[in-house]
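Enquirer:
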Ligand SMILES: [Ca+2]
Ligand SMILES: [Ca+2]
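Residue numbers (our numbering): 82 to 268.
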């Protein structure tokens, strides 16, 4: 019976759909926008960057930020996640706020590439104020597809902040509960 239990354990650990987890879980605490992400700069030359200021981060010391410093018409700046293969019940979530006043942004999805024109799906169009708001989108309709998610800033008053960007789902306690039940059954 021990061999059977071991076999079950191997099957459970090997089944990719059984191990829910975050594919992307980025708080920018590494002090940069990770190289696996994509940035597209529109408007002026100021881009999304990692900003160190614990008073403004949602968690930790760092966040992603983009600001209008130099010219009118700034904005249309894209912050794009690495490619993720979506599982049923996966979410795209993040926290966002303005520096002050309000900022406008869109949440967009691509099932092809990372060029702006690839993001044909608009998940949301938002105006956010100066307190962090959690935004969350169910990606179940895209299960099985390889997707990129984008946050697109349109300058309104000054700057936008984003932190704790996640794609996927919380590691599920179901696996351990199942494992406990199996062990109890075949002890
Ligand atoms: Ca952070
Ligand atoms: Ca720009």
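Idealized CB from N, CA, C, for every residue including glycine.
None of the values given here were measured: they were computed from a predicted structure.
Return the residue from the list 102, 156, 163 that minimises the CA-CA distance to residue 117.
Expert: Translated into positions along the chain shown, residue 117 becomes position 36. Nearest of 102, 156, 163 to residue 117, Cα basis: 163.
Enquirer: With a Cβ-Cβ cutoff of 8 angstroms, do residue 143 and residue 240 count as a contact?
Expert: Along the chain shown, one-based indexing puts residue 143 at 62. Along the chain shown, one-based indexing puts residue 240 at 159. Result no, Cβ atoms of residue 143 and residue 240 do not sit closer than 8 angstroms.
Enquirer: With 16 other CB atoms within 10 Å as the buried threshold, where does residue 135 fall?
Expert: Numbered from its first residue, the chain shown carries residue 135 at position 54. Exposed is the call here.
Enquirer: In angstroms with no decimal places, state the Cα-to-Cα distance between residue 139 and residue 265.
Expert: Stepping through the chain shown from its first residue, residue 139 is reached at position 58. Stepping through the chain shown from its first residue, residue 265 is reached at position 184. Cα-Cα distance, rounded: 42 angstroms.
Enquirer: Count Cβ pairs between the segment 194-208 and the segment 99-115 that sit closer than 8 angstroms; are there 3 or more?
Expert: At 8 angstroms Cβ cutoff, the stretches do not touch.
Enquirer: For a test of your reading of the model: does the CB of residue 224 fall under 7 angstroms from any non-hydrogen atom of ligand 2? Yes or no.
Expert: As a working mapping, residue 224 is identified with position 143 in the chain shown. Flag unset: Cβ of residue 224 not near ligand 2.
Enquirer: Could you tell me if residue 33 is buried or exposed, where buried requires 16 or more neighbouring beta carbons within 10 angstroms of its beta carbon?
Expert: Residue numbering for the chain in the displayed model covers 82 to 268; residue 33 lies beyond these limits and cannot be assessed.
Enquirer: Please tell me whether residue 242 and residue 146 are closer than 8 angstroms, where the distance is taken between their beta carbons.
Expert: The sequence position of residue 242 within the chain shown is 161, counting from 1. The sequence position of residue 146 within the chain shown is 65, counting from 1. The answer is yes: Cβ separation under 8 angstroms.
Enquirer: Got a sec: does ligand 1 put a non-hydrogen atom nearer than 7 angstroms to the Cβ of residue 144?
Expert: Reading the chain shown from its first residue, position 63 is the one you call residue 144. True, at least one ligand heavy atom lies under 7 angstroms from that Cβ.
Enquirer: So, residue 103 versus residue 249, is the Cβ gap smaller than 8 angstroms?
Expert: In the chain shown, the residue the question calls residue 103 occupies position 22. In the chain shown, the residue the question calls residue 249 occupies position 168. In this structure, residue 249 lies closer than 8 angstroms to residue 103 by Cβ.
Enquirer: Whose C-beta lies closer than 6 angstroms to the C-beta of residue 141 among residues of the same chain, with five residues either side of it excluded?
Expert: Position 60 of the chain shown holds residue 141. Correct list, in chain order: 108, 110.
Enquirer: The beta strand (DSSP E) with residue 227 in it runs from where to where?
Expert: Within the chain shown, numbered from 1, the residue matching residue 227 stands at position 146. Segment 227-235, the beta strand (DSSP E) holding residue 227.
Enquirer: Measure how close the beta-carbons of residue 159 and residue 233 come, nearest whole angstrom, since I'm counting them as under 8 angstroms.
Expert: Your numbering for residue 159 matches position 78 in the chain shown. Your numbering for residue 233 matches position 152 in the chain shown. About 5 angstroms separates the two Cβ atoms, so the contact holds.
Enquirer: Could you name the residues that DSSP lists as bridge partners for residue 176?
Expert: Along the chain shown, one-based indexing puts residue 176 at 95. Answer is 215, 244.
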